[in-house]
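Residue numbers (numbering that gives the first Met the number 0), protein chains in the order written: chain D, 0 to 231; chain A, 0 to 231; chain C, 0 to 231; chain B, 0 to 231; chain P, 0 to 231; chain Y, 0 to 231.
Structure first, commentary second.
Protein chains: 6
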Amino acid sequence: MQAKGYENQYADGFQVLHPGKTMVGRAFTVQFMPLREDVNGVTQAKSKEATGKHLYNQTAIDMLQPGDVLVVDLFGKKVNGTIVGDNLFFYVNQATHGGGLVVDGSVRDLDGISEIDMPAYFKSVDPTPIGQVMLTGINVPVRIGGVTVMPGDMVVGDREGVYFVPPQFVQEVLDKADETHIHDEWTKKKFAEGKYKSGEIYGSPSDPKLKQEYEDYLKKRLDEIHKHRAGK
Amino acid sequence: MQAKGYENQYADGFQVLHPGKTMVGRAFTVQFMPLREDVNGVTQAKSKEATGKHLYNQTAIDMLQPGDVLVVDLFGKKVNGTIVGDNLFFYVNQATHGGGLVVDGSVRDLDGISEIDMPAYFKSVDPTPIGQVMLTGINVPVRIGGVTVMPGDMVVGDREGVYFVPPQFVQEVLDKADETHIHDEWTKKKFAEGKYKSGEIYGSPSDPKLKQEYEDYLKKRLDEIHKHRAGK
Amino acid sequence: MQAKGYENQYADGFQVLHPGKTMVGRAFTVQFMPLREDVNGVTQAKSKEATGKHLYNQTAIDMLQPGDVLVVDLFGKKVNGTIVGDNLFFYVNQATHGGGLVVDGSVRDLDGISEIDMPAYFKSVDPTPIGQVMLTGINVPVRIGGVTVMPGDMVVGDREGVYFVPPQFVQEVLDKADETHIHDEWTKKKFAEGKYKSGEIYGSPSDPKLKQEYEDYLKKRLDEIHKHRAGK
Amino acid sequence: MQAKGYENQYADGFQVLHPGKTMVGRAFTVQFMPLREDVNGVTQAKSKEATGKHLYNQTAIDMLQPGDVLVVDLFGKKVNGTIVGDNLFFYVNQATHGGGLVVDGSVRDLDGISEIDMPAYFKSVDPTPIGQVMLTGINVPVRIGGVTVMPGDMVVGDREGVYFVPPQFVQEVLDKADETHIHDEWTKKKFAEGKYKSGEIYGSPSDPKLKQEYEDYLKKRLDEIHKHRAGK
Amino acid sequence: MQAKGYENQYADGFQVLHPGKTMVGRAFTVQFMPLREDVNGVTQAKSKEATGKHLYNQTAIDMLQPGDVLVVDLFGKKVNGTIVGDNLFFYVNQATHGGGLVVDGSVRDLDGISEIDMPAYFKSVDPTPIGQVMLTGINVPVRIGGVTVMPGDMVVGDREGVYFVPPQFVQEVLDKADETHIHDEWTKKKFAEGKYKSGEIYGSPSDPKLKQEYEDYLKKRLDEIHKHRAGK
Amino acid sequence: MQAKGYENQYADGFQVLHPGKTMVGRAFTVQFMPLREDVNGVTQAKSKEATGKHLYNQTAIDMLQPGDVLVVDLFGKKVNGTIVGDNLFFYVNQATHGGGLVVDGSVRDLDGISEIDMPAYFKSVDPTPIGQVMLTGINVPVRIGGVTVMPGDMVVGDREGVYFVPPQFVQEVLDKADETHIHDEWTKKKFAEGKYKSGEIYGSPSDPKLKQEYEDYLKKRLDEIHKHRAGK
């Protein structure tokens, strides 16, 4: 994915709600912009005409499906940039079956939110309600840090930050993840034996025999993983 | 309390010693300013005359009572801005019966402090002792972030930050907290049933029947809470 | 304009190229987002179909008209976020007749740019060329700091920052500016006389006689200004 | 003055209005704190009783005398922390005969202010009026950065920052300034001759002959300065 | 150690991997600088000549011994400043017997690293590999924050930061640590009795009887500690 | 020079003393590290033995030659990180014939320095003298921001920042600068005619006739420049 044209798919600088809990899901994107009434008036009139309803943050939240990660561009706003408090966070968890939340903005009620077992990434925490913003898009391209996120991207979060994987790369990324996992497993196993210097094993063994040993291990473990998945 | 004239009662940006542990107490305020000997000389002379003693940080600490939260304005100083180390923190915990500490400044001995079960909010940690400052007031108005704190304010701290509630609002705030708690309880209960969109329930149900259901629930739970408190 | 719904029309935090030189013009907006090839491919294909050309920063620059201010959302990017160097800056100056530039991003060739007498507001300066971004909109709503800027907004910049005035408020703002200018003129004149305390004159005189004097002055000067404009 | 107990008399981190213009004057201090109505009510009632008037920023400004430097603690507030705009800045200039302004906060109307030839040091610039603060003291000790400023301190500002000199050190500081000035004059003169390495001249000549030459020069120039002053 | 000439032996501002776990070991230092091929070419040629090998980060890692703490100067680099990922971190843990890592730079694979029980101090986390740097020294003096670290220094890390103790001070520091530990023990014991104000006990008791009590306690406990160590 | 292995030759984030004045010279590098007496003792003893003198900042300054730019690594230190005040700055100007100064640290006496017509780049300004540091190298490789600077590098500074050009690239860079200069000249000339869109001219003309016109212009102007230089 680091290939030309996809170098900008990683964002960090978040507070991570549950470090150690991996987030994986499908991006459901929401865009906000600073409020100005002339623009908002037009947006709201269109929405009213089309759906009979005004557009606001719950309009988007009520569209969430199991497996979604709610990805919200609130342009880093802290005060009045709080996409959810603990009640709506609870709802998002229910609706997405624990999918997750990524917001370039803030959340409220951190005590309450901390008790809910859904992964979340946010820039800050504030006690104010959301305000002085207008919803300008649901499932449109949004910007999170230095990434253009598209609806449907696979979102993967760990202790460090969040990757947004375009759908056409998902299989490749999953395959790569299996190989990396096996490589790490084997590398640590060899290090644990205490017989090798790091340079003999990592990143790739120099000794042809060790290299072969690794290749065999990789093949065996990949087979096991595939069988295990098929068996499910 | 957000009514005109009380918009500035919340401070954040602290390191929170025991996240998840709520702090509630009465503000005992202490003010420091950068040292200059001519000013300090006058202050010390007055103190000596009135009490026979010099004024320094322990003078204030030795006045703490059970239920106090020690609130210290050290103007954000890190180096030599350490109001307590683990020994005095231990003492503050004893004297206030676990009341708490809020300092716009730093503390020392974080390892030792972490083992003591009292809530604390500080800007930074440093190994230096307190220095290059002078005590300029005990139980005077102090500034913590964007808040003017008065001695006797109710201090409430959670994972996010600290509220300073003027005494005349305490009852109102406690009542409001009960209602909010019941509202959150009910909202999450309804969301957990999985039958409603967030927009139907939150912030206030649109369906008159649901609205009535909530009103009844609120009344019943408030009664329970009041009886429970009376029964104590 | 500070009325409800238009509180977010001011942006600052820029480097100001020519402090003391006021910028006034009509917003011509350009939006960039972080590059990802799948999104860019679709955009470029559409542009190619519609106009026979690829879309890039010069596509937008070549559409500028006299009186335009080029307003560019490059999401604060410094490295590879340089909308123009001195050659294109020279061109923008020519094309807009000295209109101006506002970029939430950077510029190159500050030495060369400094010699060109057009107002400009940018976040930073960098020697790299623009890169790792894709043009996603021309004359669409863009975000500059905490402002949603619409194409056609009146852009007014001074030493402090930039106002984006929605067209429906332009007349009101200009009238208000005349009054403010006259008020400042009169206030300073009275202060220069050295007979008054600031509280007697500013913001509005308390003495009814002085108040009347100011009202007469305001009326007279407004008449002069209007005649002068009509005479042009 | 660097002697024990006076190490904290220098503040920097300001925007300097007229770099290259030295500021010298007598500190007139004003203290603001974040607004809370219960505290402000008491302050205002006391002021009303004592002076028949409410207390606000112009109350302080109207007390300024020639030679004063207005020193304002607005605790670094930017938005609504604007002590003056260009009208009041004009007034301060008139009232203090160009004394100066130091504010740990902001100013408005930078274009207008820039045209007025009074030194000023401020942390930021903002278009909002002053607000959400209360005046809590005039000519009381205030904190500016890491300095406790007392009314009557000599305030000296240059391109780098501001010194606050306690009155008891003023003569000593002025004498020291004369010596430093002469030392710099002589040192540069010797360097300009091009015959010496820096280590032979600076900070103090090692060669006894040069040392004597400097001592003679110092004496002669001090005499000239004193005569010149006496002659004025 | 705070004596003249050793005031700069403490560094903080790190992310601490396992707060509450103390780090103690011997500094093994590594220095990197920004890559430039002319310099790197010479370094590599020399290394090749001397050892038959190229120099890179694993060259240093493979020299680690039990009890070492790996101390790396990567001049605060985040992107491409990742000294290890979880595989090499695993190796370092094996090789040093849990010694530890201090890097003025970043690490990769925080999830994997978090599962390994070795203390680590780093400035940031990034998913990129190490790059655009060159190894310029192994066991040379390096700079970590405001400290010059020498190979062989005793490295002590806690929740706050890291001390680098020159070998000639190690015994003194250990003795001082014993005394401090006993002093804290006694002070807390007295505070726990609830009979004393903090000022009567801390830092040193004013009452001669209490002072004697403390001296006896100190002597007794030091004896116990020394016997306990001797007995091991 | 952006070719592989030389991507790290530019540093910015400096205060520029005389914007608009270009700096060109040969790097004379000096390295400081945080003081520790054991290390400094060895360094000083060696220096004493070799040269009979102690090593300090003037030792380096007294070695400067015409055409040198003094490049100092003071690891970003502000307080006590002041390499020169106005007296030594005056000397450096004399000794280098206006060569220049780049310091990853601070300077003193900005008022005095501003009157001396030598280019200078520094991170901050402070009134303290240099201290708590030790000189660890003269004309050794030093780090300035993200650049490894070698003694003898060509140092080029403008309004934006500073380039450090390895000697082997100097001719290439000078040639490239001539071409860029001519390209800018021609491009602006064409834009000034007002007949072309920016896309037709910049970066390279698409019309073959224009392209030829540019090639001819480039050739003619390069000849002129070379003759002019030869004629000098």
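Backbone N, C-alpha and C fix where the C-beta goes; we use that ideal spot for every residue, glycine too.
If you're wondering where the values come from, they're calculated on a predicted model, not measured in any experiment.
If you count every other CB in all the chains shown that lies within 10 Å of the CB of residue i, and 16 or more means buried, which is it?
i                      : result
residue 228 of chain Y : exposed
residue 54 of chain C  : buried
residue 33 of chain D  : buried
residue 244 of chain A : Examination of residue 244 of chain A is not possible in this model, given that chain A is present from 0 through 231 alone.
residue 76 of chain A  : buried
residue 167 of chain D : exposed
residue 112 of chain Y : buried
residue 200 of chain C : buried
residue 85 of chain C  : buried
residue 41 of chain Y  : exposed
residue 204 of chain A : buried
residue 12 of chain A  : exposed
residue 145 of chain B : buried
residue 129 of chain A : buried
Could you work out which residues of chain D lie near residue i, taking near to mean beta carbons separated by less than 9 Å?
i                      : result
residue 120 of chain P : Ordered by position in chain D, no residue passes the 9 Å Cβ test against residue 120 of chain P, which lies about 16 Å from the chain.
residue 191 of chain A : 89 and 93
Find out if the Cβ-Cβ distance for the pair residue i, residue j is shorter than 7 Å.
i                      : j                      : result
residue 118 of chain A : residue 156 of chain A : yes
residue 154 of chain D : residue 51 of chain D  : no
residue 151 of chain A : residue 30 of chain A  : no
residue 70 of chain D  : residue 28 of chain D  : yes
residue 68 of chain Y  : residue 10 of chain Y  : no
residue 96 of chain P  : residue 65 of chain P  : yes
residue 189 of chain D : residue 195 of chain D : yes
Please list the partners that residue i has in chain C, where partner means a Cβ-to-Cβ separation under 7 Å.
i                      : result
residue 236 of chain D : No answer is possible for residue 236 of chain D: it lies beyond the span of chain D, which begins at 0 and ends at 231.
residue 124 of chain B : 159
Could you list which residues in chain P have their beta carbon closer than 7 Å to that of residue i, in chain order?
i                      : result
residue 187 of chain D : 86 and 89
residue 9 of chain D   : 126
How would you list, in chain order, the residues of chain P whose beta-carbon sits under 9 Å from the beta-carbon of residue i?
i                      : result
residue 113 of chain A : 18, 19 and 158
Can you list the residues of chain Y that residue i reaches, using a CB-CB cut of under 7 Å?
i                      : result
residue 196 of chain B : 61
residue 14 of chain C  : Within 7 Å Cβ-Cβ: nothing; residue 14 of chain C doesn't reach chain Y, min ~11 Å.
In chain Y, which residues lie with their C-beta within 9 Å of the C-beta of residue i?
i                      : result
residue 183 of chain B : 84, 85, 86, 89, 108 and 111
Which residues in chain D have a C-beta closer than 8 Å to the C-beta of residue i? List them in chain order.
i                      : result
residue 201 of chain A : 57, 86, 87 and 90
Kindly list, in the order they appear in chain B, the residues whose Cβ is closer than 9 Å to that of residue i.
i                      : result
residue 102 of chain Y : The contacting residues do not exist; residue 102 of chain Y stays about 15 Å from chain B at best.
Residue i versus chain D: which residues are under 7 Å apart at the beta carbon?
i                    : result
residue 4 of chain C : 34, 35 and 36
Identify the contact partners of residue i in chain P, using a Cβ-Cβ distance below 8 Å as the criterion.
i                     : result
residue 43 of chain Y : Under the 8 Å cutoff, chain P gives no residues; its nearest Cβ is about 12 Å from residue 43 of chain Y.
Chain-ordered residues of the region 144-172 of chain P with a beta carbon less than 8 Å from chain Y = 145, 146, 147, 149, 165 and 167
Interface positions of the region 61-90 of chain B facing chain A (Cβ-Cβ less than 7 Å), listed along the chain = 74
Ignoring anything shorter than 4 residues or poking outside the region 26-108 of chain C, list the alpha helix (DSSP H) runs there in chain order.
-> 36-50, 56-60 and 85-95
Could you pull out every unbroken beta strand (DSSP E) segment of at least 3 residues lying fully inside the region 115-163 of chain D, listed in chain order?
-> 119-124, 132-137, 141-143, 146-148 and 153-156
What residues in the region 204-220 of chain P bring their beta carbon closer than 8 Å to a beta carbon of chain A?
-> Listed by position, the residues of the region 204-220 of chain P near chain A (Cβ gap below 8 Å) amount to none.
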